[in-house]
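All you need for my numbering is the position in the sequence shown, starting with 1, plus 13.
A virtual CB, placed ideally from N, CA and C, is assigned to each residue, including glycine.
Structure first, commentary second.
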Amino acid sequence: MQDGAAGITRLLSRFRVVLALCVLLVGLILATLSNGREGFWWAVLNELALFAAAAVAVPFYYDLFLRDAERHRFLAEMTEVIDARLAASGGGAHGLTVHAQGRPSPVEKAHFIAGAQREIIEVGVTLRSLAGLYVSRPAPDFTAPVRRLLAQGVHITYIVADPASPLFTAYAESVGDPAMPDRAAEAARQLLRVAQGFAAEGHPGRMAVHLTRQLPTSYVSLVDPDSETGYCRTAHYLPGVRRADMPVLDITRAAQPELFERYVTYARRALAESVTLDSVQPDVV
Numbered sequence: 014m015q016d017g018a019a020g021i022t023r024l025l026s027r028f029r030v031v032l033a034l035c036v037l038l039v040g041l042i043l044a045t046l047s048n049g050r051e052g053f054w055w056a057v058l059n060e061l062a063l064f065a066a067a068a069v070a071v072p073f074y075y076d077l078f079l080r081d082a083e084r085h086r087f088l089a090e091m092t093e094v095i096d097a098r099l100a101a102s103g104g105g106a107h108g109l110t111v112h113a114q115g116r117p118s119p120v121e122k123a124h125f126i127a128g129a130q131r132e133i134i135e136v137g138v139t140l141r142s143l144a145g146l147y148v149s150r151p152a153p154d155f156t157a158p159v160r161r162l163l164a165q166g167v168h169i170t171y172i173v174a175d176p177a178s179p180l181f182t183a184y185a186e187s188v189g190d191p192a193m194p195d196r197a198a199e200a201a202r203q204l205l206r207v208a209q210g211f212a213a214e215g216h217p218g219r220m221a222v223h224l225t226r227q228l229p230t231s232y233v234s235l236v237d238p239d240s241e242t243g244y245c246r247t248a249h250y251l252p253g254v255r256r257a258d259m260p261v262l263d264i265t266r267a268a269q270p271e272l273f274e275r276y277v278t279y280a281r282r283a284l285a286e287s288v289t290l291d292s293v294q295p296d297v298v
């Protein structure tokens, strides 16, 4: 049925083209014949012929040359607007972007936090991979972008599970990784050294490391959690799946305000029940 309707439409379109060409040719022939002839009726015929030729020629050439160009320009402009809106919302048709392959690259991680204006909060059991970005990666990959954020006045808070927490010890044993608290302690020390190094540089933004006795159930990175333009990245801990392979989800407040607010509540609760690392006894870590 649809193929038949499409065929009729194409046939009518061709008929209109042929009819327009016939009217155009007849108008031009009559205008040529009547041109220069004396008499009232010849003058009328000349005017009508020119009018018919012009009335057909203008829309005909518009359809032939200009309409498609305008359509393409309209679609291109609409695409740019849609792309800009999606970019502003963090990507994804519904404010959700899934990285099914697992943890994004360090360069992409730096790009993710680059839009921060006020605050970044990251929560994780160990944040060991994050500490490795400062310690093992070239400075341009991650350290330099973070330094720029601190220079702009952005505050960064890292929250790690307290290695001395009995809850953490029980969790590590339950997943068959009793050395996990020790790795968390080492990552916390590395992050603290990084924070102290940045503090010595005198940036208006500060970096702090906190220990929480609560056990984080997922990794969360919040960018400007109190802003309408805030967004976050989360990866829920799945037993039996390597941390690097766990699916990662990006969420924007603008498109998913209720979902976004749940992760803000999660991070704020972890922060409220934490202590700043440099304020506790050295033997804790």
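Closest residue to residue i among the options (Cα-Cα distance)
i, options, result
"V148", "S240, R206, Q114, G253", "R206"
"T12", "I126, A280, H124, A198", "In this structure the chain extends from 14 to 298, so residue 12 is not present and cannot be described."
"V236", "A208, R256, A267", "A267"
"H112", "V261, A285, E286", "V261"
"Y279", "P158, C245, A257, A127", "C245"
"P158", "P151, E271, A127", "A127"
"P176", "E274, A285, P191", "P191"
"A200", "Q165, P117, S240, R141", "R141"
"E274", "S240, V254, R256", "S240"
"E121", "D263, A285, S231, H249", "D263"
"A174", "R255, S231, V254, T265", "S231"
Beta-carbon proximity of residue i to residue j, cut-off 9 Å
i, j, result
"G115", "M259", "yes"
"L143", "E132", "no"
"R196", "T139", "yes"
"V233", "T247", "yes"
"S287", "H223", "yes"
"L109", "Q209", "no"
"E214", "L162", "no"
Contacts around residue i, its chain only, beta-carbon distance under 8 Å, and the 5 residues preceding and following it disregarded
i, result
"A212", "R219, M220"
"V167", "A129, Q130, R131, E132, I133, G218"
"F125", "P117, S234, V236, R246, D263"
Residues of its chain near residue i, where Cβ-Cβ distance is below 6 Å and the 5 sequence neighbours each way are ignored
i, result
"V277", "P238"
"M193", "A185"
"P119", "L146, R150, D154, F155"
"S178", "R226"
"A123", "F155, P158"
"I169", "I133, M220"
"E271", "none"
"A257", "G115, R116"
"L180", "L228"
"H249", "S231"
"R160", "none"
"A285", "none"
The beta strand (DSSP E) enclosing residue i, as first and last residue numbers
i, result
"L140", "First-last for L140: undefined, no H or E at that position."
"R246", "244-249"
"L109", "109-112"
"L290", "From DSSP, L290 is part of no beta strand (DSSP E); its letter is neither H nor E."
"T265", "261-265"
"S234", "231-236"
"V222", "220-225"
7 Å Cβ shell around residue i - same chain, five flanking residues per side excluded
i, result
"A283", "V136, I172, T225, Q227, P229"
"Q294", "With a pLDDT of only 45 at Q294, under the threshold of 50, the placement of this residue in the model should not be trusted; the figure read from the coordinates follows. Excluding positions up to five away in sequence, the list is empty."
"V188", "P252"
"R281", "none"
"D291", "L205"
"Q165", "G218"
First through last residue of the alpha helix (DSSP H) which encompasses residue i
i, result
"H124", "119-126"
"D195", "193-213"
"L272", "270-285"
Distance cut-off 8 Å: residue i Cβ against heavy atoms of the ligand ADP
i, result
"A152", "Ligands are entirely absent from the displayed structure, and the ligand ADP is therefore not among its contents."
**Request:** Scan the stretch 144-196 and note each continuous alpha helix (DSSP H) run of 4 residues or more that stays entirely inside, going in chain order.
**Result:** Complete alpha helix (DSSP H) runs here, min 4: 156-164, 179-187.
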